[in-house]
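Enquirer:
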Amino acid sequence: MTGFQFICRVDEILPGGSRMFNVEGQMVGLFNIDGQFLAVSNECPHAGASLAHGRVAGETVTCRIHHWRFCLRSGRYLDEDKPEFNAKTLTTRVVGDEVQVCVRACPTT
Ligand code: FES
Numbered sequence: 058m059t060g061f062q063f064i065c066r067v068d069e070i071l072p073g074g075s076r077m078f079n080v081e082g083q084m085v086g087l088f089n090i091d092g093q094f095l096a097v098s099n100e101c102p103h104a105g106a107s108l109a110h111g112r113v114a115g116e117t118v119t120c121r122i123h124h125w126r127f128c129l130r131s132g133r134y135l136d137e138d139k140p141e142f143n144a145k146t147l148t149t150r151v152v153g154d155e156v157q158v159c160v161r162a163c164p165t166t
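Okay, so the sequence shown: first residue is 58 according to the numbering used here, each after it adds one.
1. Determine the extent of the beta strand (DSSP E) in which Asn89 is found, giving its start and end residues.
2. Per DSSP, what kind of secondary structure is Glu116 in: helix, strand or coil?
3. Does the beta carbon of Cys163 fall short of 7 Å from some heavy atom of the ligand FES?
4. Quick check: the segment 60-76 against the segment 97-105, are there 3 or more CB pairs under 8 Å?
5. If you measure between the beta carbons of Val113 and Phe88, is that distance less than 8 Å?
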């Protein structure tokens with residue numbers, strides 16, 4: 058058994074959109090980047106604001122509170138070289154019309 062969990066249907070988030078979901082007690086920010094779904098732990102590593110409510114440009118999300126920027130693909134904090142502030146990325150996959158995310162016990166590829 059894998060750790061992938063249903064998070065939403067593909068058509069629930071249009072390209073350029075994002076939403077926050079509770080998956081097994083973990084808040085997940087899910088982003089549709091040109092049809093590809095990228096997920097991060099939703100709490101901003103700075104002070105906990107919702108990254109799903111941030112401003113998205115390309116694969117970068119800018120937190121709405123203090124404007125820190127994060128790469129949605131790698132989680133990297135982009136404003137300084139401080140890895141301790143990187144966002145946690147989560148693996149996603151699409152199965153049929155379902156978007157699934159792995160929040161724990163994720164299979165290795
Ligand atoms: S809470 Fe996100 S930058 Fe401060």
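Each residue gets a CB set at the ideal place from its N, CA and C atoms; glycine is no exception.
Expert: On the basis of the supplied data:
1. DSSP places Asn89 inside the beta strand (DSSP E), whose first and last residues are Gln83 to Ile90.
2. If DSSP states are grouped into helix, strand and coil, Glu116 belongs with coil.
3. For Cys163, the shortest separation between its Cβ and any heavy atom of the ligand FES does not lie below 7 Å.
4. Between the segment 60-76 and the segment 97-105, the count of Cβ pairs shorter than 8 Å is below three; the stretches do not touch.
5. Yes, they are a contact pair.
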